[in-house]
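According to mature numbering (1 follows the signal peptide of the UniProt record, and there is no 0), the stretch in the sequence shown is residues -22 to -1, 1 to 649, in order. Idealized CB from N, CA, C, for every residue including glycine. Written out below as structure tokens is the structure these notes cover.
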Amino acid sequence: MRLTSFFSGLAAFGLLSSPALADDEADNVPAPTYFDSVMVPPLIELTPDNFEKEASKTKWLLVKHYSPYCHHCIAYAPAFQTTYEYYYTSKPDGAGDTSFTDFYDFKFAAVNCIAYSDLCVENGVKLYPTTILYENGKEVKAVTGGQNITFLSGLIEEALEKSKPGSRPKSLALPQPGDKERPKSEPETASRSAAEEKKPKKPVATPNEDGVSVSLTAENFQRLVTMTQDPWFIKFYAPWCPHCQDMAPTWEQLAKSMKGKLNIGEVNCDKESRLCKDVGARAFPTILFFKGGERSEYEGLRGLGDFIKYAENAVDLASGVPDVDLAAFKALEQKEDVIFVYFYDHATTSEDFNALERLPLSLIGHAKLVKTKDPAMYERFKITTWPRFMVSREGRPTYYPPLTPNAMRDTHQVLDWMRSVWLPLVPELLVTNARQIMDNKIVVLGVLNREDQESFQSALREMKSAANEWMDRQIQEFQLERKKLRDAKQMRIEEAEDRDDERALRAAKAIHIDMNNSGRREVAFAWVDGVAWQRWIRTTYGIDVKDGERVIINDQDSRKYWDSTVTGNYILVSRTSILETLDKVVYTPQALKPKLTISSFEKIFFDIRVSFTEHPYLTLGCIVGIAFGAFSWLRGRSRRGRGHFRLEDSISIRDFKDGFLGGSNGNTKAD
């Protein structure tokens, strides 16, 4: 909570610097508490009168700056109080009869920022609560927001180890907020664990014990699959389907490969049509991964290696969301390009965790999902609110924007965000991800040769450097554009206030700044194996990787691409060459002439189709107009083509007169 939100209201009552309030607070001294049956004095309440004295006479001082009306502060209070009681009553090794406070010269204190707002402002406090660690009266570290006991302990342990190196234990059994005694000792815990181990454990069935694909029916499907938490990889097929027949040997090999690891099954949809309809199998073969009531469809390639890779990834994710610390996360970064991280603390509820457990199946084959409550992870990624979602793509963090509990528990909304960021910074273009990479974007596509590993790795580094630099620039431009829109809104508000125009003021305040409709084209980076996709690259872009690695900039929506710089040279795999050309394509496209990925004749029909899609009513009006014009022309032509006579032709007017009057119009005499 921000300090400024209180100042204007409180100043009207003279509370900001009222001595009377300070005296009242001093009179209401809290009573001592007890922890491990040891009396703990109340926290030191700091005021402008004693702050300098306490800070200067104590080597270490941990101060909580709070407001008694802030709900974040109220929620944080038990964690801070229990941490204080835990350390105050602790007995450091080698201290003898000396107390923790005297041995380390470490104290805890608090400042009421409503009663002593000037002191909080002087200490640089802008948000409630803010916890500051002082060493010899000088600020060492400031942390905003409510923290858990683990985080506070990490902060304290670092200071204690610095004060007396080697005096701290390697691990601590920390209490929970509100506890009045330490967790049970290690010997008791060990003996209890040993006693539990003596109890017979329920046997765990080995998955796919025989290494075969189990034939499933409507009778056993529910019992074996949906009513258990065992993971299953199942194909739904029809015996007459050619693709199913081709895949059958591969599926048998998969079952053998996953023996003892993952259950493999199959359903004959000719016999079990109702079951196939219930699971949504509309085409054959349909391949689904099940775990309990959740399922995920396999959409990858159908080679044995592709199946095994997916299955192993599925088993890993289906086993639950692992908890990691900073060391484990760093090790994971060496193996995974994309990692989703769920940050939580002691206040995270079971509803939050239930929503989290519904996500892993949708990430199979795309990314890794972990959770953490490690303070070192909070510090690295600047996390101050919990729970929080983040994706790390090769060390570059991107955060899930919503922070409200409902948004964090909205599985569909979270998955939509995950799908938008689960590709690596520079992914490989494959059949399975081509549409996601290419559609609705301008794509910087590197045509690389994987056979020359040294050249390939160097080119990939250049592509990643260009991608990172472009993203940094886009973030800066995004922030600048948003600032301009906010400034424009504020200017309208101030102008309306100056004119005392209530209607204009309401209209200005109602302006919603929506950056999603800023009209900015998304730019993505990718690479393609120029050898494996040689034919497609040559026919589409006229490039052969044998002539050297190249870069093209592709706009799939308009069927255009650029393969040369403004000087006419090819775009090389160089961050300078890429970024200079990309600037021209995005901001001044008229400076570079594009090429087409389709023929000029096809482009005419493509433009008509695009126009109809983007402007349906205008296109429909044009079609109606053209149809009406064509109809009018044909109607006029048909009228002109009908039989008629001309008066000036071979028969004279007198002859016509005789005929019209009923007489003969011939030249012979009539009797």
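Judged by DSSP in its simplified three-state form, Arg146 adopts coil rather than helix or strand.
In terms of Cβ geometry, Val245 and Phe267 do not form a close pair [threshold 8 Å].
In the DSSP assignment, Pro209 forms a beta bridge with Lys269.
Within the same chain, Cβ atoms closer than 8 Å to the Cβ of Gly281 are found at Thr228, the five residues on either side in sequence being excluded. The Cβ atoms of Leu339 and Ala385 lie no closer than 8 Å to each other. In the structure shown, His43 adopts extended strand secondary structure according to DSSP, grouped into three states. The three-state secondary structure of Val257, taken from DSSP, is coil.
Membership of Gly424 in the beta strand (DSSP E) is indicated by the continuous run 420 to 426.
No Cβ-Cβ contact shorter than 8 Å links Ala183 with Trp38. For Ser68, the CB contacts under 7 Å within the same chain, skipping 5 residues up- and downstream, are Phe78 in chain order. In the DSSP assignment, Ser555 falls within the unbroken alpha helix (DSSP H) covering 553 to 565. Following the DSSP letters along the chain, one finds Ala120 inside the beta strand (DSSP E) bounded by residues 116 to 122. Taking a C-beta distance under 8 Å as the contact criterion, Leu407 and Val293 do not qualify as a contact pair. In this structure, Thr122 places its C-beta atom within 8 Å of the C-beta atom of Thr362. In this structure, the straight-line span from the alpha carbon of Lys419 to that of Tyr106 is close to 42 Å. With at least 16 other beta carbons inside 10 angstroms of its own, Asn241 counts as buried. The beta carbon of Met416 sits closer than 6 Å to those of Gln534, all from its chain and outside the five residues before and after it, given in chain order. The way I'd put it, the region 301 to 320 doesn't touch the region 256 to 265; fewer than three beta-carbon pairs between them come closer than 8 Å.
In the DSSP annotation of this structure, Trp400 is not part of any beta strand (DSSP E), being labelled neither H nor E. For Asp80, the enclosing alpha helix (DSSP H) stretches over residues 78 to 82.
Note on the region 259 to 333: whole beta strand (DSSP E) runs with a minimum of 3 residues are 264 to 269, 272 to 275, 316 to 321, in chain order. Per DSSP, Asp394 has no beta-bridge partner at all. Less than 8 Å divides the Cβ of Val41 from the Cβ of Tyr112. As far as DSSP is concerned, Gly132 takes part in no beta bridge. Bridge pairing for Gly243: Val192, Ile212 [DSSP].
Scanning its chain for C-beta atoms nearer than 6 Å, with the 5 sequence neighbours on each side dropped, one finds around Phe129 the residues Pro353, in chain order.
Annotation: the continuous beta strand (DSSP E) that includes Thr108 extends over 108 to 113. When rounded, the separation of the alpha-carbon atoms in Ser235 and Glu275 is 20 Å.
Residue environment for Phe606: exposed (fewer than 16 other C-beta atoms within 10 angstroms of its C-beta). Here the region 501 to 518 makes contact with the region 439 to 453; the two share three or more CB pairs at distances below 8 Å.
Per DSSP, Val506 is not a residue of any alpha helix (DSSP H); the beta strand (DSSP E) it occupies stretches across 501 to 507. For a cut-off of 8 Å, the C-beta gap from Ala196 to Glu250 is around 6 Å, short enough to register as a contact. In the DSSP assignment, Asn532 falls within the unbroken beta strand (DSSP E) covering 528 to 533. Residue pairing by DSSP leaves Phe199 without any beta bridge partner. Here the C-alpha atom of Ser45 lies approximately 12 Å from the C-alpha atom of Lys104. Take the alpha-carbon of Val425 and the one of Glu139: they are about 53 Å apart.
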